[in-house]
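Visitor: In my numbering, the protein residues as written are 56 to 514.
A virtual CB, placed ideally from N, CA and C, is assigned to each residue, including glycine.
Note that the coordinates shown come from a computational prediction; the quantities given were computed from them, not determined experimentally.
Right, I'll just put the structure down here and ask away after.
Next comes the structure, spelled out in structure tokens:
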């Protein structure tokens, strides 16, 4: 076998061996394979991942390495600007092709496109595949050929498309495909985990999560067999384990949307009583697709108001101490504090409560949504570049398909509707209602009125 007949499989947000088109293609080719993950904090425009995501990535890479070893392959770790690192690796191993699954952010697409062009110019085959979206952004267009700015028509368009392809099986045997040993960074040297003198803040994350492909499969099976039948009734109840809890696994590609789609569809066919719940979950999966649709067609979504009138919005000045009260769950508003403490302790927050805490920050405190987005980016294990920004703009009212600004979530009313017995609040804010608990940092009625007055100035 020629020394140059080698495939490099570049893993990114697809940390799995099952339904991985790039890996699948490399195995089909039958040439030696080098699997690589590049930690890129250095390419211009790349946004470094936050602390909770770094914790998740460490453990997800450990799991991916084990999965690859099980099928006879090895994961190589490299750090640096992706284009330089991958090009250097190609030269190092004499690769004839590089395979990866596509990304959809503007900066990432630029990196991938430049690399693909330079590799092909050098005579190296470079191919990308569809691995992380059911419907790529350029395949879902309006009747006029434009992109969708509103979710419901986008959802209908996606659902009208042919059934997504079936998931690809994981390779079971790669005898003779393992390339000779390639130098790799040690994962521990990347410093992704909290280490002294920083306190170990990850205890709650370790208790709640099992990063990796096996953990994703286990979560999905538990959801389908135990929770999907109650999903419609329980999805808004933060005290219940009513949601799929698959968002971080989807974000890191430990499970593909194709796997989840067909698992939902198969379960719905086997258990007709769960059809309503499965359909509701599928709608949430399409919301994720919509966020990437917007990111692709409007890259500024992550940093700029989609509605230009919000560029004139009179955001309030808040002190660092006031912002820290929100971040640490010490606002004196029980449901808000419960959500922020759940986030800090577990790296996740219930979807309903995310809307409440975001509304409180953006509207009751009148803090720019980008401040909240940055905090979530650092503390969420499912911090997704598309969904995180879209969800914050949705609450802020600054997005093309957003809640109207005058929709201001009242945390007390939300608690009375969705946490009637106080189970969720008591779990995270046991001192609520006692003299030890602080007074509310703002009056909800007065701050709501001030927010509406501020909004009136830009209408």
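Report yes if the CB atom of residue 275 is closer than 8 Å to the CB atom of residue 315, and no otherwise.
Guide: Looking up residue 275 in the chain shown gives position 220. Looking up residue 315 in the chain shown gives position 260. Closer than 8 Å, so yes.
Visitor: Can you have a look at residue 461 and say buried or exposed, based on whether 16 or more other CB atoms are within 10 angstroms of its CB?
Guide: Position 406 of the chain shown, counted from the first residue, corresponds to residue 461. Its Cβ having fewer than 16 others within 10 Å, residue 461 is exposed.
Visitor: Which residue from 186, 202, 148 and 141 puts its Cα closest to that of residue 174?
Guide: By 1-based counting over the chain shown, the position of residue 174 is 119. If we check each option's Cα against that of residue 174, 141 comes out closest.
Visitor: Kindly confirm or deny that the region 412-420 and the region 286-297 touch, where touching means at least three C-beta pairs closer than 8 Å.
Guide: Judged by Cβ distances under 8 Å, the region 412-420 makes no contact with the region 286-297, as fewer than three pairs qualify.
Visitor: Considering only the alpha carbon of each residue, which of 329, 280, 394 and 347 lies closest to residue 312?
Guide: The count along the chain shown starts at 1 and reaches residue 312 at position 257. Ranking the options by Cα distance to residue 312, first place goes to 347.
Visitor: Going by DSSP, which residues form a beta bridge with residue 131?
Guide: Within the chain shown, residue 131 is the residue found at index 76, counting from 1. According to DSSP, residue 131 bridges with 91.
Visitor: Buried or exposed: where does residue 379 fall if 16 or more other Cβ atoms within 10 Å of its Cβ makes it buried?
Guide: Taking the chain shown and counting its residues from 1, one reaches residue 379 at position 324. Flag for residue 379 reads exposed.
Visitor: In its own chain, which residues sit with a C-beta less than 6 Å from the C-beta of residue 186, not counting the 5 before and 5 after it?
Guide: As a position in the chain shown, residue 186 is number 131, starting the count at 1. Excluding sequence neighbours, residue 186 sits near 69, 76 and 156.
Visitor: Assign residue 103 to one of two classes, buried (16 or more other C-beta atoms within 10 Å of its C-beta) or exposed (fewer than that).
Guide: Translated into positions along the chain shown, residue 103 becomes position 48. Answer is exposed; the Cβ neighbour count stays below 16.
Visitor: Between the alpha carbons of residue 450 and residue 427, how many angstroms are there, rounded?
Guide: Mapped onto the chain shown, residue 450 falls at position 395. Mapped onto the chain shown, residue 427 falls at position 372. Distance between the alpha carbons of residue 450 and residue 427: 11 Å.
Visitor: Is the distance from the Cβ of residue 227 to the Cβ of residue 128 below 8 Å?
Guide: Here residue 227 corresponds to residue number 172 of the chain shown, with the count starting at 1. Here residue 128 corresponds to residue number 73 of the chain shown, with the count starting at 1. The answer is no: Cβ separation not under 8 Å.
Visitor: Taking just the CA atoms, how far does residue 478 sit from residue 165?
Guide: Within the chain shown, residue 165 is the residue found at index 110, counting from 1. Within the chain shown, residue 478 is the residue found at index 423, counting from 1. Roughly 47 Å between the two C-alpha positions.
Visitor: Let me know the alpha helix (DSSP H) ranges lying completely inside the region 120-181, each 4 residues or longer, listed in chain order.
Guide: 137-148 and 161-176
Visitor: Hey, is the region 399-416 in contact with the region 457-477, meaning 3+ C-beta pairs nearer than 8 Å?
Guide: yes
Visitor: Pair every Cβ in the region 320-332 with every Cβ in the region 361-375, then say whether three or more of these pairs are closer than 8 Å.
Guide: no
Visitor: Tell me which residue opens and which closes the alpha helix (DSSP H) that residue 62 is part of.
Guide: If you number the chain shown from 1, residue 62 lands on position 7. It is not in any alpha helix (DSSP H) - residue 62 instead sits in the beta strand (DSSP E) that spans 62-66.
Visitor: With the cut-off set at 8 Å, would you say residue 397 and residue 496 are in Cβ contact?
Guide: Here the question's residue 397 lines up with position 342 in the chain shown. Here the question's residue 496 lines up with position 441 in the chain shown. Not a contact, by the Cβ cut-off of 8 Å.
Visitor: Which partner residues of residue 184 appear in the DSSP bridge assignment?
Guide: Translated into positions along the chain shown, residue 184 becomes position 129. Answer is 156.
Visitor: Rounded to whole angstroms, what's the CA-CA distance from residue 337 to residue 99? Just pull it up for me.
Guide: Walking along the chain shown from the start, residue 337 turns up at place 282. Walking along the chain shown from the start, residue 99 turns up at place 44. Spanning the two alpha carbons is a distance of roughly 36 Å.
Visitor: Determine the closest residue to residue 178 out of 146, 281 and 486, with distance taken between C-alpha atoms.
Guide: Position 123 of the chain shown, counted from the start, is the residue given in the question as residue 178. Ranking the options by Cα distance to residue 178, first place goes to 146.
Visitor: Helix, strand or coil, according to DSSP, for residue 57 in the structure here?
Guide: As a working mapping, residue 57 is identified with position 2 in the chain shown. Summary for residue 57: the model assigns pLDDT 44, below 50, so the residue's position carries little reliability; its value from the coordinates is reported in the next sentence. In the structure shown, residue 57 sits in coil (DSSP, three-state: anything other than H, G, I, E or B).
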